[in-house]
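Colleague: Residue numbers (my numbering): 62 to 204.
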């Protein structure tokens with residue numbers, strides 16, 4: 062008699078919201094610590110170890126998240142420009158949608174000016190670190 066093959070039961074999807082939230086908090090803490098360090102002591106004075114200590118994580122965690130010091134600087138710059146660590150490019154952000162929905166040219170210009178001012182305030186201090194790093198690290202030149 063032939064044996065029937067049973068279909069294996071459907072696998073349950075792994076869903077761990079606490080783990081996702083914890084990872085997001087860790088990324089934010091690392092990026093804030095990196096931004097603060099790059100702004101305070103520049104490219105040359107910032108070490109992954111110091112950022113890790115400030116963010117209360119291990120240097121291996123930063124390496125796993127970002128790989129290189131240049132990639133960490135890029136993440137800090139993105140944070141300074143965007144104001145958060147969400148993986149949403151500027152053209153897809155609500156502030157841009159608000160500008161595009163403006164009822165008049167005057168309103169659009171005011172919203173655009175506010176966005177540019179906010180970005181400049183958040184990112185001006187880290188520009189020095191980017192300039193310093195681009196002179197010594199080819200990975201940073203594109204920034």
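Idealized CB from N, CA, C, for every residue including glycine.
Residues in its own chain within less than 8 Å of residue 117 by CB, not counting five upstream and five downstream?
Modeller: 90
Colleague: DSSP three-state call for residue 164: helix, strand or coil?
Modeller: coil
Colleague: May I ask you to report which of helix, strand or coil DSSP gives residue 82?
Modeller: helix
Colleague: Could you check which residue in 193, 158, 192 and 190 has the C-alpha nearest to that of residue 176?
Modeller: 158
Colleague: Rank 115, 100, 101 and 147 by C-alpha distance to the C-alpha of residue 84 and give the top, closest one.
Modeller: 147
Colleague: State the start and end residues of the unbroken alpha helix (DSSP H) segment that holds residue 147.
Modeller: Run containing residue 147: none; DSSP gives neither H nor E here.
Colleague: What three-state label does DSSP hand residue 118 in the structure shown?
Modeller: coil
Colleague: Just how far apart, CA to CA, sit residue 189 and residue 100?
Modeller: About 7 Å.
Colleague: Among the candidates 110, 185, 125 and 174, whose CA atom is the shortest distance from the CA of residue 140?
Modeller: With distances taken between CA atoms, residue 140 lies nearest to 185 out of 110, 185, 125 and 174.
Colleague: Does the distance from the CB of residue 202 to the CB of residue 105 come in under 8 Å?
Modeller: no
Colleague: Hey, residue 136 and residue 92 are a contact pair by Cβ (cut 8 Å); roughly how many whole angstroms apart?
Modeller: Their Cβ separation, rounded to whole angstroms, is 5 Å, which keeps residue 136 and residue 92 in contact under 8 Å.
Colleague: Using 10 angstroms around the beta-carbon of residue 81, count the other beta-carbons present and answer buried if the total reaches 16, otherwise exposed.
Modeller: Here residue 81 is exposed. Its C-beta has fewer than 16 other C-beta atoms within 10 Å.
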